[in-house]
Structures are given as structure tokens and as C-alpha cells.
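Q: The structure under discussion is supplied below as C-alpha cells; questions concerning it will follow.
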Amino acid sequence: MFPLCIAGLRFAPEGRIVLNGLDLELSGEGISVIIGPNGAGKTLLLRLLAGVLPAHGGSILWGGAARADGRLAMVFQQPMLLRMSVFTNVEFALRPQAMTADERRARARDVLERVGLVHRAKDCARLLSGGERQRLALARAWAMRPRLLLLDEPTASLDPSATEAVERIIREIRTEGAKVLMTTHNLGQATRLADDIIFLAEGRVQEHESAQRFFARPQSPAARAFMQGELPWRIAFDR
Amino acid sequence: MAHCFRSLILALGLLVGAAHAEETLIVASTTSTEQSGLFGWILPKFEQSTGIKVRIVAVGTGQALDIGRRGDADVLFVHERAAEDKFVAEGYGSYRQDVMYNDFVFIGPKDDPAKIRNAGNALGALKAIAASGQPFISRGDKSGTHAAELRLWKEAGLEPKSLTGYKETGSGMGPTLNMTAAINGYTLSDRATWGAFKNRRDLDLVLAGDPVLFNPYGVIPVNSARHPHVNKQAAERFTLWLTSKDGQAAIAAFRADGQPVFFPNAKK
Amino acid sequence: MTPTLLDALFLLGHFDHRLLDIVGLSLRVSLSALTIGALLGLPLGAWLAVASFPGRGALIVALNALMGLPSVVVGVMVYLALSRSGPLGSYGLLFSPAAMIVAQSVLVVPLIAAVTRQIVEDAWREYAPELSLIGISRPQAVMLLLTDCRFSLSVATLAGLGRAMSEVGAVMIVGGNIDGYTRVMTTAIALETSKGDLALSIALGIVLMAIILSLNVAAHFLRCWAVRRYG
Numbered sequence: 000m001f002p003l004c005i006a007g008l009r010f011a012p013e014g015r016i017v018l019n020g021l022d023l024e025l026s027g028e029g030i031s032v033i034i035g036p037n038g039a040g041k042t043l044l045l046r047l048l049a050g051v052l053p054a055h056g057g058s059i060l061w062g063g064a065a066r067a068d069g070r071l072a073m074v075f076q077q078p079m080l081l082r083m084s085v086f087t088n089v090e091f092a093l094r095p096q097a098m099t100a101d102e103r104r105a106r107a108r109d110v111l112e113r114v115g116l117v118h119r120a121k122d123c124a125r126l127l128s129g130g131e132r133q134r135l136a137l138a139r140a141w142a143m144r145p146r147l148l149l150l151d152e153p154t155a156s157l158d159p160s161a162t163e164a165v166e167r168i169i170r171e172i173r174t175e176g177a178k179v180l181m182t183t184h185n186l187g188q189a190t191r192l193a194d195d196i197i198f199l200a201e202g203r204v205q206e207h208e209s210a211q212r213f214f215a216r217p218q219s220p221a222a223r224a225f226m227q228g229e230l231p232w233r234i235a236f237d238r
Numbered sequence: 000m001a002h003c004f005r006s007l008i009l010a011l012g013l014l015v016g017a018a019h020a021e022e023t024l025i026v027a028s029t030t031s032t033e034q035s036g037l038f039g040w041i042l043p044k045f046e047q048s049t050g051i052k053v054r055i056v057a058v059g060t061g062q063a064l065d066i067g068r069r070g071d072a073d074v075l076f077v078h079e080r081a082a083e084d085k086f087v088a089e090g091y092g093s094y095r096q097d098v099m100y101n102d103f104v105f106i107g108p109k110d111d112p113a114k115i116r117n118a119g120n121a122l123g124a125l126k127a128i129a130a131s132g133q134p135f136i137s138r139g140d141k142s143g144t145h146a147a148e149l150r151l152w153k154e155a156g157l158e159p160k161s162l163t164g165y166k167e168t169g170s171g172m173g174p175t176l177n178m179t180a181a182i183n184g185y186t187l188s189d190r191a192t193w194g195a196f197k198n199r200r201d202l203d204l205v206l207a208g209d210p211v212l213f214n215p216y217g218v219i220p221v222n223s224a225r226h227p228h229v230n231k232q233a234a235e236r237f238t239l240w241l242t243s244k245d246g247q248a249a250i251a252a253f254r255a256d257g258q259p260v261f262f263p264n265a266k267k
Numbered sequence: 000m001t002p003t004l005l006d007a008l009f010l011l012g013h014f015d016h017r018l019l020d021i022v023g024l025s026l027r028v029s030l031s032a033l034t035i036g037a038l039l040g041l042p043l044g045a046w047l048a049v050a051s052f053p054g055r056g057a058l059i060v061a062l063n064a065l066m067g068l069p070s071v072v073v074g075v076m077v078y079l080a081l082s083r084s085g086p087l088g089s090y091g092l093l094f095s096p097a098a099m100i101v102a103q104s105v106l107v108v109p110l111i112a113a114v115t116r117q118i119v120e121d122a123w124r125e126y127a128p129e130l131s132l133i134g135i136s137r138p139q140a141v142m143l144l145l146t147d148c149r150f151s152l153s154v155a156t157l158a159g160l161g162r163a164m165s166e167v168g169a170v171m172i173v174g175g176n177i178d179g180y181t182r183v184m185t186t187a188i189a190l191e192t193s194k195g196d197l198a199l200s201i202a203l204g205i206v207l208m209a210i211i212l213s214l215n216v217a218a219h220f221l222r223c224w225a226v227r228r229y230g
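Listed below in C-alpha cells is the structure:
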């Protein structure tokens, strides 16, 4: 499944170019964090990898093969929750796998414990708070034991304590051996979690560096401007 | 698959209809006999003496004959001689027997604006109504009553549809009387339904007794040679009973509004 | 008018047995039709929501149109089909409660199927990306969606029951309005009114409206409770 090699990836719905020949290579370990300005195509890239959308050009090779031979899981920004209990929302995701009902239930319990939601197992998933929902979605994805976990802005609407809880879970998942690819707006989060940084702007990967080196000194001018909080477009005040 | 479908429907039907172990007979008859209350009176006597449960489908004579032609009923009990004879002649019915007759009566406003009381007979009454331009409500539903009404107009030499006040409801005697009461017009009704009718308002019986207004009823078992599934035995027992002393007596004893309305006339 | 209303209330208060028989039959026929309607309509609607094949759009339009099928038209069609001279005549179902159940089922199935299709399709659009990523097969997804939308679907089936109980055209034609056998509330109201005997009509009318009202109240509370409990 790895290394994941993306070459010349294009996505241009109705002629409007969003991804413009994106190249990227990912190893099978660690947490890779994608950052970049809005509209750069971060969420889009994850969706293309997940196969939710078809690309309009370029190639994605999973360890040389056209298809991924390991399991892929994704947590969307607004995770889908069934109108059922927290427990069922994790357990149902395991049904396509070759497990007995007891095994499914055991694993669901296990992940819910590890994300700290087991005390709410019988409650209705949709009544959970934002932070709890994200933890539930993570638990579901984690229960599937994916080889690659895609996370789209996992703490976008969460308060600091909820954010911290989620980050802890992400680190644990990485420790267990899954590859994590996530997007974020939160530069502090990126510094805390990332093993390597992918800087996406104008539909291409502008930089792909180890986190240490990127935050010490970003190479590309766009990255530098972004890190300084500069606007990617100019506003003229005196005219 | 069809077997499953049938079983499911029958199962539901049984659940709903409450399984009838007794024998049943489907009689296609007219609205006048049912709405007058005649069946409510004579059928329990029949059921008691034979144990056969009678189911009455009460529609206009036209539809009753059509039901008989399709084989959806076992016996017909209607009142339109010409159509009945044709029905038997075409092989849809086994035979026809007289059972009873009632008469038609003219119903109109109490104060009789068209002055048909003065006319003295049916044809004269129709001419008076035509001349006065008063509203006349027709059933217009191919029933025995409707057919009789059209016959009378024809004999009087009038074309009813050309009259300004002529209205066709396309429905049974009850709704037609309702409309007549509502617009205070004239209509031709069978005596029995009028007797049982409660919503009279300003209407009254204004003319009756002319022999041309007599309305004979016939009973016709549906031809089992044509439709083998009909309940031939029960149909014949019904026919027999209607024309027997008991049946005829029951008919004679029926009262609507305190008056006898049906007059038995089965041939001995 | 007022004496008639008093007579009607009298009939209701004394549980007049004619009235009870008629109400009982109406409920049994319509509930049976609803059962068939749900058994056929729910899977059909759900399958149509997630399937994709050429002509799907046309089928959906046709199904939505069938929702508005006039009951008398259904009555005539079923009458001709069930008549002894018709294709299904050998079952001898005409002029029986079974025929009425068939006719009302024909009315209810498209209604339930069309509404189910809409509800499940909306849910499918929301859930599809994640469900396919998790690896749920289509049939499994359909079962999941039906369960997830169970409250909206219950409300839809209640609507189907309302339609069945209120219609008069179909059951009049295929049932024959036989006294004590195929006379239901709506056909009895029609008959008694035409005879000018309004007391029983009004009494039955009150019962019928009470039932329809209760159905709608139940649907409303079900919706409210479901949102509160399940979000």
C-alpha cells in the first residue's frame, strides 16, 4: 500500500481548476499534516484519496498498485451519525468485516473505552456534543483498524480541552501503526502532531518537509507568507 | 407466486370478513328495493327458512344486468321487463319469473305550480311539466325507474333533454329525491323509496294510480351453463321462495310509511 | 339540523351496534391494506432510492403520479380485474372484503413507496460517502437506512392509513356496499346521506374524523419525540 505516490493529480469541475498537477509521496508511517490557505484543495485531496470523488487527471499509486491493499478510513469534518446509540454507531462499521457478533461488540467496547465514551455507549449519538461526536467518529474509524487514516479538520469546531483529547487519540492511533494524513487550520496543532508537513497552495504541493525543518524555516515564499499570516492577495488602500 | 398471492389475500379476507361456513348467495338488485327497506324485511325470513345468507349488491338496473352478464352475481332481481327478456334471450339468464310490482309516483312541490294534479294521468302530467318549465329531476342512471321515465316521455311525444328545467343526476332514487327537495322541483319516484325517504322538505306525492305507472319486478337466476361457478342451487331456492306463498306473503306484508308499496304477482 | 345532530350523538353514545360493525370493518380493511402497502412499498421505495439504472428518473415520476391516482379509477380497474369475466376472476374475490383490501392496497403502495423513496434518498445522499468507505454493501445500506429513518417512515405509513380510511370510490365499486358485509364508514355515509337519513351519516362522519385526527396527532407526537430522543 505504501509508498503512496500521487503524480500530476488534477481536479477541475466544470473547467474551474482546483488541483493543478499535484505531486506527493507519502511513507507508511507517522502523522502527515496538510496545511494551506482556504480553497487550496486540502479537503479535496483527502476525498480523492478516499475515492469519494473521481480525479480528472493524474495518477494515484498505492505501493505501485492501482488499488490500496490495506484498509482506509476517513473522518469527515461533519461525521455522519446514525439515529442510534453511540455503541451501534461504532459497531455497525465492523459488519462488513469477517468478525463474529461478539468480536464486533468487544472491539466496539474497547475503542469506546479508549476514546473515553464508553459511559455514553447507550446514549443517542446525535445528542452528543461536538467534541464527543469527533471522538465517536474517531472511535469508529479506529475500530476498523485502518492502515491509513484520513482526518479532515478533526478539531475545527472544538474547544481546547476537547481538542487536546482528540489529539491524544490521534497520537495513539499513530503509535499502533496506522499512517495518519490529516488537514488542519490550527498551526499550533500542526506543530504538536505533525511528523511531516505538506504545504498546499494554488492547487499544488508547494512544500513537503519534516515538521522540524518546515517550522524552523519554510522554503517557499508562499509558505513563508502563510506562516506570517499574510494575505495571499493584495489589498490596495491608497488609490 | 400466484398461489402465494391468492393465499395471502384469502387469509386477509377471511381474517377480515370472518369466515362464513354458511352458504351465501349474491343477488344483484336495484337501489329501490334496498333503499326502501324491502330486503331488510324479507331477507331475514328467507335466511331463517333456508340458512342461506344473502348478499345484496344494490346498483342501478343497468349495472345489475352487467354484473349478471359478467357472472359476478348468482341471481338478478330487477325491474325493467324489456332488458330482462333480452338478458334471458341472450343466454345470460336461465329464465325470468314475475315476483311483484310497485308503482311509480309523481313527486313535486306541495303547491303544484305546474298543476299536474289537474292533468289526471301520467302523460298529461308530463305535458303539464313541460309546458310550465318547472324543474324536473331525472335519475339518468339507466335504472329501471329511469327507463320507465324515458318511456313515458316518449309516449307523451316529448323530448325531455330539450326542456329547460330537465336535470339528470346520474344517481339513485335517494340522491335524486334529495336534489328534488333542494330545488323544489318534480320527479318520478318509485312509491317504496318515497315512503322511506326522510328528507322531504316541501315535497309531496302529487299524482299516482295511472296504470302506465305500474312497475313489475322479475327474478332471474344467472345461467350456470354460461358461468359454471354460480351458486345454482341457492339461486333456485331464492327464486322459488320469492314466488312461493311464504315469499309473496312477506312481500305483501311490507310497509313503508304505513302503506303497502310492493304488490306480489307471481304466477301460481 | 339540530335534532339530527342529537340523534347522531345518541347513536355514538349508545355504541349502536350497526355503527360499531361498520367502524370495525373499516379498520380491519384499511389496516390490512396498510400492512400490504408497507410490506411492498417500503422495500420498493428504499431500493429505488439507492439504485441506479436507465429510466430510474421516469420510474420515480410515474410513482409520484400514481400517488394521486383517483380512487374511483382504481376501483374500476380492480373491479374489472377481479370480475368473474376478468383475469383474476377465478379467485371469486369481487364484492368481498378481500377485494376492498386489494383495491386499497393498490392505492396505498404507491403512496408509501414514493414517500419512502424521498426519505431514504435524502438520507442516502447524506450517508453514502461514509457508508461506502466503511464498506457497507448496497443491501446492507438499505436496511440501515430504513432503520435510521424509521420515524419519518412511520409518519409516512400513517399518511397511507389516512388515505385508505378516507377513500370511498374504490371500496364502493369493488365491495358493492353490501349491508353487513362490505359496508365501511365511507360507503355507509354515502348511502345513508343519499337515503336522507343523516343521523347515522353524521355519527359515522364524527367517528371517521376522530380517527383521522388521532392519526395525525399520533404522527405529530411521534415526530417530536423522535427528534428529542434521537436527534
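Chains A, B and C, in that order, are what the protein sequence lines are. As numbered in numbering that gives the first Met the number 0, the first sequence has no gaps in its residue numbers, which increase by one up to the final residue, 238. As numbered in numbering that gives the first Met the number 0, the second sequence has no gaps in its residue numbers, which increase by one up to the final residue, 267. As numbered in numbering that gives the first Met the number 0, the third sequence has no gaps in its residue numbers, which increase by one up to the final residue, 230. Using N, Cα and C, we set each Cβ at its ideal position, and we do this for glycine too.
(1) Please report the straight-line C-alpha distance between residue 235 of chain A and residue 207 of chain A, rounded to a whole angstrom.
(2) Determine the extent of the beta strand (DSSP E) in which residue 206 of chain A is found, giving its start and end residues.
(3) Using DSSP bridges, identify the partner residues of residue 56 of chain A.
(4) Would residue 101 of chain C count as contacting chain A if we go by Cβ distances under 7 Å?
(5) What does residue 196 of chain C reach in chain B if we use C-beta pairs closer than 7 Å?
(6) Taking CB distances under 7 Å as the criterion, tell me whether residue 178 of chain C reaches chain A.
(7) Could I get the ranges of all uninterrupted alpha helix (DSSP H) runs contained in the region 3 to 36 of chain C, with 4 residues as the minimum, in chain order?
(8) Name the chain C residues that come within less than 9 Å of residue 225 of chain A, Cβ to Cβ?
(9) Under a three-way DSSP split, which group does residue 238 of chain A fall into?
(10) According to DSSP, which residues form a beta bridge with residue 106 of chain B?
(11) Let me know the secondary structure DSSP gives residue 15 of chain A once reduced to three states.
(12) Looking only at its chain, what residues have a beta carbon closer than 8 Å to the beta carbon of residue 154 of chain B, apart from the 5 residues adjacent to it on each side?
(13) Around the Cβ of residue 10 of chain C, are there at least 16 other Cβ atoms within 10 angstroms (buried) or fewer (exposed)?
(14) With a cut-off of 7 Å, does the C-beta of residue 44 of chain A fall near any C-beta of chain E?
(15) Would you check if there are 3 or more beta carbon pairs closer than 8 Å linking the region 193 to 204 of chain C to the region 98 to 109 of chain A?
(16) Kindly indicate which three-state DSSP category residue 193 of chain A falls into: helix, strand or coil?
(17) Quick check: what's the CA-CA separation for residue 131 of chain C versus residue 119 of chain C?
(18) Counting along the chain, where does the beta strand (DSSP E) carrying residue 74 of chain B start and finish?
(19) Could you name the residues of the same chain whose beta carbon sits closer than 6 Å to that of residue 166 of chain B, not counting the 5 residues immediately before and after it, in chain order?
(20) Quick check on residue 53 of chain C: does DSSP put it in helix, strand or coil?
(21) Please list the residues of the region 164 to 178 of chain B that have a C-beta atom closer than 8 Å to any C-beta atom in chain C, keeping them in chain order.
(22) From what residue to what residue does the alpha helix (DSSP H) around residue 220 of chain C run?
(23) Considering only residues of the same chain and omitting the five flanking positions on each side of residue 190 of chain B, which have a CB-CB separation below 6 Å?
(24) Please classify residue 253 of chain B: does DSSP put it in a helix, a strand, or coil?
(25) Under a three-way DSSP split, which group does residue 233 of chain A fall into?
(26) Which runs of the beta strand (DSSP E) fall wholly inside the region 39 to 106 of chain B and span at least 3 residues, in chain order?
(27) Using a Cβ-Cβ cut-off of 6 Å (strictly less than) and excluding sequence neighbours within five positions of residue 39 of chain A, which residues of its own chain qualify?
(28) For residue 191 of chain C, collect the residues of the same chain with a Cβ closer than 6 Å to its Cβ; drop the 5 residues on either side in sequence, then sort them by chain order.
(29) Determine whether the Cβ of residue 87 of chain B lies closer than 7 Å to any Cβ atom of chain C.
(30) Enumerate in chain order the residues of its own chain whose CB-to-CB distance from residue 115 of chain C is below 7 Å, with the five nearest sequence positions on each side excluded.
(31) Based on Cα-Cα distance, which residue from B/253, B/265, B/264 lies nearest to residue 35 of chain B?
(32) Less than 6 Å between C-beta atoms, sequence neighbours within five positions excluded: which residues of the same chain meet that for residue 24 of chain A?
(33) Given this structure, state the Cα-to-Cα distance separating residue 194 of chain B from residue 222 of chain B, to the nearest angstrom.
(34) Could you pull out every residue in the same chain whose Cβ sits closer than 7 Å to the Cβ of residue 60 of chain C, ignoring the five residues on either side in sequence?
(35) Skipping 5 residues on each side, what residues in its chain have a beta carbon closer than 8 Å to that of residue 95 of chain C?
(36) If contacts are defined as beta-carbon pairs under 8 Å, then residue 149 of chain A and residue 192 of chain A qualify, I think. What distance do you get, rounded to the angstrom?
A: In brief:
(1) Legend: pLDDT at residue 235 of chain A = 47, less than 50; position of this residue unreliable, value from coordinates given subsequently. Distance between the alpha carbons of residue 235 of chain A and residue 207 of chain A: 32 Å.
(2) 203 to 209
(3) A/9
(4) no
(5) 197
(6) no
(7) none
(8) None at all; the shortest Cβ gap to chain C is about 29 Å.
(9) Residue confidence for residue 238 of chain A is low, a pLDDT of 38 falling below 50, so the modelled location carries little weight; the figure read from the coordinates is stated next. Three-state result, residue 238 of chain A: coil.
(10) B/186, B/204
(11) coil
(12) 122, 211
(13) buried
(14) Among the protein chains in the structure shown, which are A, B and C, there is no chain E.
(15) no
(16) coil
(17) 16 Å
(18) 74 to 77
(19) 136
(20) coil
(21) 170, 171, 173, 174, 176, 177
(22) 197 to 229
(23) 101, 102, 104, 260
(24) coil
(25) In this predicted model, residue 233 of chain A has a pLDDT of only 48, less than 50, meaning its place in the structure is not dependable enough to derive any value.
(26) 52 to 58, 74 to 77
(27) 199, 200
(28) 199, 200
(29) no
(30) 40, 41, 44, 45, 152, 155
(31) B/253
(32) 2, 4
(33) 34 Å
(34) none
(35) 174, 180, 181
(36) Actually they do not touch by this definition, with Cβ atoms about 14 Å apart.
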